[in-house]
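S.K.: Residue numbers (the numbering used here), protein chains in the order written: chain A, 1231 to 1346; chain B, 30 to 138. Positions of the beta carbon are idealized from the N, C-alpha and C atoms, including for glycine.
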Amino acid sequence: GAVVSQHPSRVICKSGTSVKIECRSLDFQATTMFWYRQFPKQSLMLMATSNEGSKATYEQGVEKDKFLINHASLTLSTLTVTSAHPEDSSFYICSARGDAGNEKLFFGSGTQLSVL
Amino acid sequence: DAKTTQPTSMDCAEGRAANLPCNHSTISGNEYVYWYRQIHSQGPQYIIHGLKNNETNEMASLIITEDRKSSTLILPHATLRDTAVYYCIATDSWGKLQFGAGTQVVVTP
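And the structure:
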């Protein structure tokens, strides 16, 4: 099946720094990618939808200047958490959908972000 | 997207079939029923999806009622590795996947 690679799997950073998370579709072209956040013992919360070559669409309550999304190619989307603070500590997960009428979403393995 | 309702948790004995119900009474005609599961600290894993007809793959079977207002995911022979949170989501084929609380399934020896 299709594979989505997410990197890094775990990152620890100091408060105030920025962290970039990469999401790659390895064997298909992903027109659309989605970014989720998950706090402990909670469900996944959709943050934004990323379409190749255009600006991301953010869900209500998600700060677009805080969570910068770039989808510059059909196989790569990045999420940058800018000026991270401890409350941004969370599990971030990306997913991707192909552009050939594929109905399934494939998910990355997630990135655990810990901000000290 | 149609709202879905699932039981909070369920236990299942290893080797037995696990039947996971999902209600989606407001589902529209173009919305599929998707099932994903998430094992602790991993990304969700696709299981199966369907529109009207029952579906079966190597992981599970999906039974959708004729009125499409509910469905059941069947894991035919549960193993300990099937312990996970199972999510039932109704959306169209190009829609976003919005996750609810899901069902925590615990498979016991």
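So W1265/A is in the beta strand (DSSP E); what residue range does that whole segment cover?
M.R.: A1260 to Q1268
S.K.: If we cut at 8 Å on Cβ distances, does T1308/A have a partner in chain B?
M.R.: no
S.K.: Against chain B, which members of the segment 1262-1296 of chain A pass a CB distance test of less than 9 Å?
M.R.: T1262, F1264, Y1266, Q1268, Q1272, S1273, L1274, M1275, L1276, T1279 and E1289
S.K.: First and last residue of the beta strand (DSSP E) that includes F1297/A?
M.R.: Per DSSP, F1297/A belongs to the beta strand (DSSP E) from F1297 to S1303.
S.K.: With a Cβ-Cβ cutoff of 8 Å, do T132/B and M39/B count as a contact?
M.R.: yes
S.K.: What first and last residue would you give for the beta strand (DSSP E) that runs through L49/B?
M.R.: A47 to N52
S.K.: So, are the CB atoms of V1273/A and H1301/A less than 8 Å apart?
M.R.: Note that residue 1273/A corresponds to Ser in the displayed sequence, not to Val. Cβ atoms of S1273/A and H1301/A: not closer than 8 Å.
S.K.: Along the segment 40-53 of chain B, what residues have a CB closer than 8 Å to any CB found in chain A?
M.R.: none
S.K.: Return the CA-CA distance between V1234/A and L1304/A, expressed in angstroms with no decimal places.
M.R.: 12 Å
S.K.: Does DSSP put R110/B in a helix, in a strand, or in coil?
M.R.: Per DSSP, reduced to three states, the secondary structure at R110/B is helical.
S.K.: Residues of chain A with CB under 8 Å from P36/B, in chain order?
M.R.: Per Cβ cutoff of 8 Å: no residues; P36/B is ~15 Å from chain A at best.
S.K.: Cα separation between L80/B and I1251/A?
M.R.: 34 Å
S.K.: Using a C-beta to C-beta distance shorter than 8 Å, which residues of chain A count as neighbours of Y115/B?
M.R.: Going along chain A, no residue has its Cβ under 8 Å from Y115/B, so there is no contact; the nearest lies around 12 Å.
S.K.: Apply the 10 Å Cβ neighbour rule to S1325/A and answer buried if 16 or more other Cβ atoms are within range, or exposed otherwise.
M.R.: Its Cβ being crowded by 16 or more others within 10 Å, S1325/A is buried.
S.K.: How would you write the range of the beta strand (DSSP E) that I1251/A sits in, first residue to last?
M.R.: That run of the beta strand (DSSP E) goes V1249 to S1255.
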